[in-house]
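Notes to accompany the following structure.
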Amino acid sequence: MIKKLLVPVALAATSWLAAANAAEPLRIGYVFAMANAPVLIAEKQGYYRDEGLEVDVKALGDGPVIQQALAAGELDVAYVGTPPVYQWYARGLKSVILAKVNYGQAAVLAGSQSDIHTLDELKGRKLAGVKKGSGMDVLLRGYVLKEHAGLDPDKDLDIIDLPPGNMNAALERGIVDAAFSWEPFVSQALLRGSARLLLDVNQALPEYPWYVVIGLPRTLHERPDDVVKLLRAHRRAIDFLNQQPEQANRIIAEAFKLETIQRPDGSQASGEQIVAEARQRLGWSAELKEQDLQFIQRLMDYSSALKFLDAQVALDDLVDTSYLQKAAH
């Protein structure tokens, strides 16, 4: 009698484990930045739910925190800047780029009272930047300063590491002469009248990709259908951002707690108006086009020249658009 019961019990246990595994949420980590708004939209609008996908979405401060979570097996997929992905890959954390999230976002600002009007006038000045070797620092040193302005980032000016939230105050107080910042901080400074735009990187490099969706090889192997569902929700969120800008701006303003600011003429700019202003330098797209892949290679070349990249990474190993193509159907 006992032997007869063993098989049904074993089958029941196996079925229960399979069901439990199927019910495990897909763990999504994202850098808490306006450019990663598709994550917020997909969750808020119920697009993950519509796909039958259980998710655990975690907003994290920056790339290094996401790196630690991925390495510890605490995340399955992530929304992160492109340079960290290939830098991690070279160091052994082999995640794969699946889709684009946004284009644009970065700009160089000068204080409104500053005598700096062109990038080459940054020579001998103080520029607020971010941590050396970070993704945005690669863009600043490799493209903005070295290639676009013809400046040596290590010799021609003093780059001061500041959190982006502190850059505008540093500009206003004259602690720095200029700042390399991104949205919504750029729009806040411009609307407040405390800064002038020296360079909109998206004008110089139209629609350059920045944040991307990445997946761990384990996730792609074990949960390919869930990855496609995620990317289908991602596509829908981007469509919403592009087709329903006013509603999307409201969601973004609330999520990032963007407070009303005062313009120089005394009028008020709401959080939604800050997002609308940011859209002049920032947009969203899921597609990884040939020009995007060329730019990713360009970023890798900058990182190598700056000695930030430990080893060469083949672009074909880094990018897989097959899941995104499946999500189009």
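Note that the sequence shown covers residues -22 to -1, 1 to 307 in mature numbering (1 follows the signal peptide of the UniProt record, and there is no 0).
Glycine included, every Cβ here is placed at the ideal spot set by N, Cα and C.
What you are looking at is a predicted structure, and each value in this text was computed from that prediction instead of being measured.
The distance from the Cβ of D155 to that of R119 is about 17 Å, inconsistent with a contact at the 8 Å cut-off. For the options S92, V58, G51 and G41, the alpha carbon positioned closest to that of V17 is the one of V58. By the criterion of at least three beta-carbon pairs nearer than 8 Å, the region 19 to 35 is not in contact with the region 81 to 101.
Between the beta-carbon of N220 and that of V253 there is about 13 Å, and that puts the pair past the 8 Å contact cut. Counting only the Cα atoms, R276 lies some 17 Å from Q181. The beta carbon of L123 sits closer than 7 Å to the beta carbons of L129 and P131 from its chain, once the five residues preceding and following it are set aside; these are given in chain order. Scanning G24, T60, K36 and M12 for the CA closest to the CA of M278 turns up T60.
Residue burial is scored here from C-beta neighbours: K78 has at least 16 other C-beta atoms within 10 angstroms and is therefore classed as buried. Annotation for R170: the continuous alpha helix (DSSP H) segment containing it runs F163 to R170. When DSSP states are grouped into helix, strand and coil, L208 belongs to the helix group.
Contact between A106 and L260 fails: their C-beta atoms lie close to 20 Å from each other, not under 8 Å. Taking 8 Å as the cut-off, the Cβ atoms of V191 and V55 count as close. When secondary structure is reduced to three states using DSSP, W188 falls in the coil class, being assigned neither helix nor strand. Taken through DSSP and simplified to helix, strand or coil, L287 comes out as coil. Taken through DSSP and simplified to helix, strand or coil, A127 comes out as coil. In this chain, the alpha helix (DSSP H) harbouring L296 covers L293 to L296. With contacts defined by Cβ atoms closer than 8 Å, V179 and Y280 do not form a contacting pair. For G59, there is no enclosing alpha helix (DSSP H); the enclosing beta strand (DSSP E) covers residues V55 to G59. By the neighbour-count definition (other C-beta atoms within 10 Å, threshold 16), P187 is a buried residue. In the structure shown, D136 falls within a strand segment according to DSSP collapsed to helix, strand and coil.
Under DSSP, the beta-bridge partners assigned to V33 are L4. If you draw a 10 Å sphere on the C-beta of H212, you find 16 or more other C-beta atoms in it, and that means buried. Annotation for D134: K101 place their beta carbon closer than 6 Å to its own, counting only its chain and skipping 5 residues before and after. Rounded to the nearest whole angstrom, the CA to CA distance from E150 to D217 is 37 Å. Between R174 and A88, the beta carbon gap of about 5 Å places them in contact (Cβ cut-off 8 Å). Secondary structure note for R119: it is in no beta strand (DSSP E), with a DSSP letter that is neither H nor E.
Check the Cα spacing between L177 and each of A85, Q246 and R210: the tightest is with A85.
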